[in-house]
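Before any comments, here is the structure.
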Amino acid sequence: MLNIENIDVNYGAIRALVQVSLEVNEGEIVALIGANGAGKSTTLRSISGLVKPQSGKIIFEGQEIQNFPPHKVVEIGISQVPEGRRVFPLMTVLENLELGAFTRKDRAGIKEDINNIFLRFPRLEERKQQPAGTLSGGEQQMLAIGRALMSKPKLLLMDEPSMGLAPMLVQEIFNIVKEINQTGTTILLVEQNARMALSIAHRAYVLETGSLVMSGLAKELAENEAVQKAYLGH
Numbered sequence: 001m002l003n004i005e006n007i008d009v010n011y012g013a014i015r016a017l018v019q020v021s022l023e024v025n026e027g028e029i030v031a032l033i034g035a036n037g038a039g040k041s042t043t044l045r046s047i048s049g050l051v052k053p054q055s056g057k058i059i060f061e062g063q064e065i066q067n068f069p070p071h072k073v074v075e076i077g078i079s080q081v082p083e084g085r086r087v088f089p090l091m092t093v094l095e096n097l098e099l100g101a102f103t104r105k106d107r108a109g110i111k112e113d114i115n116n117i118f119l120r121f122p123r124l125e126e127r128k129q130q131p132a133g134t135l136s137g138g139e140q141q142m143l144a145i146g147r148a149l150m151s152k153p154k155l156l157l158m159d160e161p162s163m164g165l166a167p168m169l170v171q172e173i174f175n176i177v178k179e180i181n182q183t184g185t186t187i188l189l190v191e192q193n194a195r196m197a198l199s200i201a202h203r204a205y206v207l208e209t210g211s212l213v214m215s216g217l218a219k220e221l222a223e224n225e226a227v228q229k230a231y232l233g234h
C-alpha cells in the first residue's frame with residue numbers, strides 16, 4: 001500500500017532522515033519507534049506532504065506522491081492525527097469534525113460519518129457544541145482522531161497519540177487504535193510509548209538519528225534485548 005524508498009530529508013544543514021525505506025501493507029498496524037529527535041514525525045510529515053524529501057520516493061497504491069501538496073495527499077486517502085492533537089480551539093467539536101471532511105462533497109455521507117464518530121466517542125457528542133479548546137487532553141485526542149477519520153482515509157498516520165495523557169487514557173486510546181484498524185483502516189503509528197505500540201502493532205521499525213536500524217515483527221522486536229534496553233526500560 002505504502003512504500004518509502006530511500007528518502008532523505010534535510011532541515012538546512014541538519015540531516016533529519018537518511019536513506020529511510022519502509023513499507024506498510026494494507027490492513028496492518030505498523031509502528032515506528034525511536035528516541036526523541038530520531039526523525040519519526042519527519043517521516044510522517046514527509047508522507048503527508050508537509051515536508052518535501054530531498055531525494056527518494058514515496059509511493060502510495062502505485063502512485064508517486066512525494067511532490068503532492070498536503071490537500072492532495074488527503075484526497076487520495078491518507079490522513080494524519082498530528083502530534084499534540086492540534087484541534088482548532090475556538091471552533092466547536094462539530095465544526096472540527098466537519099473540517100475533517102473538507103475534501104468531500106457527499107453531505108449525507110458526512111452526516112452519517114459524524115454520527116459514527118459520536119457512536120465511537122460518546123463524550124464528543126455530549127460536547128459537540130463546545131469549543132474544542134475547552135475539552136480535556138483525552139477528549140481532544142479523540143477529536144483529533146475523529147477529525148482525521150472524517151476524510152475516510154485508507155491509511156491513517158498517527159503521531160504520538162498517547163502523548164501527555166494519563167495512563168488510564170493511554171490504554172483507552174490504544175484500544176481505539178486497534179478498533180479502527182479492525183474496521184479496515186491501515187495505520188502507521190509513531191509512538192514514544194514503545195511498549196504499548198509494539199503490543200498492538202503487526203510490524204515495527206526502529207529509527208535512530210534519522211536512520212532505520214532495525215525492523216521486524218512487533219512481537220520479535222518487543223523481545224529483542226537491544227530494543228528492550230533502549231526503549232522498554234529493561
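Residue numbers (UniProt numbering): 1 to 234.
Glycine included, every Cβ here is placed at the ideal spot set by N, Cα and C.
Starting from residue i, follow the beta strand (DSSP E) in both directions and report where the run begins and ends.
{"i": "Q19", "result": "I14 to V24"}
{"i": "F60", "result": "S55 to F60"}
{"i": "E5", "result": "L2 to Y11"}
{"i": "I29", "result": "I29 to I33"}
{"i": "V87", "result": "Premise fails: V87 is in no beta strand (DSSP E) and is neither H nor E."}
{"i": "E208", "result": "R203 to E208"}
Just the C-alpha distance for residue i and residue j, rounded to the nearest angstrom, thanks.
{"i": "K152", "j": "Q140", "result": "19 angstroms"}
{"i": "S211", "j": "V18", "result": "5 angstroms"}
{"i": "G29", "j": "L90", "result": "The sequence shown places Ile at residue 29, not Gly. So the alpha carbons of these two residues sit roughly 33 angstroms apart."}
{"i": "N181", "j": "L156", "result": "9 angstroms"}
{"i": "residue 257", "j": "T103", "result": "Nothing about residue 257 can be read from this structure; the chain reaches only from 1 to 234."}
{"i": "A132", "j": "E98", "result": "13 angstroms"}
{"i": "A222", "j": "M214", "result": "12 angstroms"}
{"i": "G109", "j": "L232", "result": "42 angstroms"}
{"i": "S21", "j": "A201", "result": "18 angstroms"}
{"i": "D113", "j": "V87", "result": "18 angstroms"}
{"i": "residue 236", "j": "A31", "result": "Summary: the structure shown does not reach residue 236, with the chain confined to residues 1 through 234, and so no result is reported for it."}
{"i": "N67", "j": "T43", "result": "14 angstroms"}
{"i": "K128", "j": "K229", "result": "44 angstroms"}
{"i": "K105", "j": "Q54", "result": "34 angstroms"}
Identify which residue in the options has its Cα closest to the Cα of residue i.
{"i": "residue 239", "options": "N96, F118, I117 and G77", "result": "Nothing can be reported for residue 239: it is not among the residues displayed for the chain, which extend from 1 to 234."}
{"i": "K178", "options": "S199, I110, I59 and L165", "result": "S199"}
{"i": "R195", "options": "E208, E126, Q66 and E220", "result": "E220"}
{"i": "K154", "options": "E61, A197 and Y205", "result": "E61"}
{"i": "M1", "options": "L143, V24, G216 and S41", "result": "V24"}
{"i": "P167", "options": "D106, P122 and N193", "result": "N193"}
{"i": "V9", "options": "K40, G27 and A35", "result": "K40"}
{"i": "K72", "options": "Q54, V87, L32 and I47", "result": "I47"}
{"i": "A204", "options": "E26, G34, R15 and A16", "result": "G34"}
{"i": "D159", "options": "N224, L124 and E83", "result": "E83"}
{"i": "P70", "options": "E64, S79 and Q63", "result": "S79"}
{"i": "T92", "options": "Q130, I59 and E64", "result": "Q130"}
{"i": "T183", "options": "E126, R120, V227 and A197", "result": "R120"}
Between residue i and the rest of its own chain, which residues show a CB-CB distance below 7 angstroms, the 5 nearest in sequence each way excluded?
{"i": "G137", "result": "G164 and L165"}
{"i": "T209", "result": "A38"}
{"i": "R45", "result": "V51"}
{"i": "E75", "result": "T103"}
{"i": "N3", "result": "E23 and I59"}
Please list the terminal residues of the continuous alpha helix (DSSP H) segment that includes residue i.
{"i": "V170", "result": "P167 to Q182"}
{"i": "A226", "result": "E225 to Y231"}
{"i": "E83", "result": "Neither: E83 is in no alpha helix (DSSP H) and is coded neither H nor E."}
{"i": "I117", "result": "R107 to R120"}
{"i": "M142", "result": "G137 to L149"}
{"i": "R127", "result": "Counting along the chain, R127 falls outside any alpha helix (DSSP H), and DSSP gives it neither H nor E."}
{"i": "A218", "result": "A218 to A222"}
{"i": "M158", "result": "Note, M158: premise wrong, no alpha helix (DSSP H); beta strand (DSSP E) at L155 to D159."}
So, under 8 angstroms CB-CB, residue i and residue j are touching, yes? Tell me the CB distance rounded to an integer number of Å.
{"i": "G56", "j": "N6", "result": "4 angstroms"}
{"i": "L143", "j": "L135", "result": "6 angstroms"}
{"i": "I145", "j": "V81", "result": "5 angstroms"}
Enumerate in chain order the residues of its own chain whose CB-to-CB distance from residue i is below 8 angstroms, with the five nearest sequence positions on each side excluded.
{"i": "R85", "result": "G137, Q140, Q141, L143 and A144"}
{"i": "E172", "result": "G138"}
If you drop the 5 nearest sequence neighbours on each side, which residues of the same chain put their C-beta closer than 6 angstroms to that of residue i?
{"i": "R15", "result": "G210"}
{"i": "L169", "result": "G138"}
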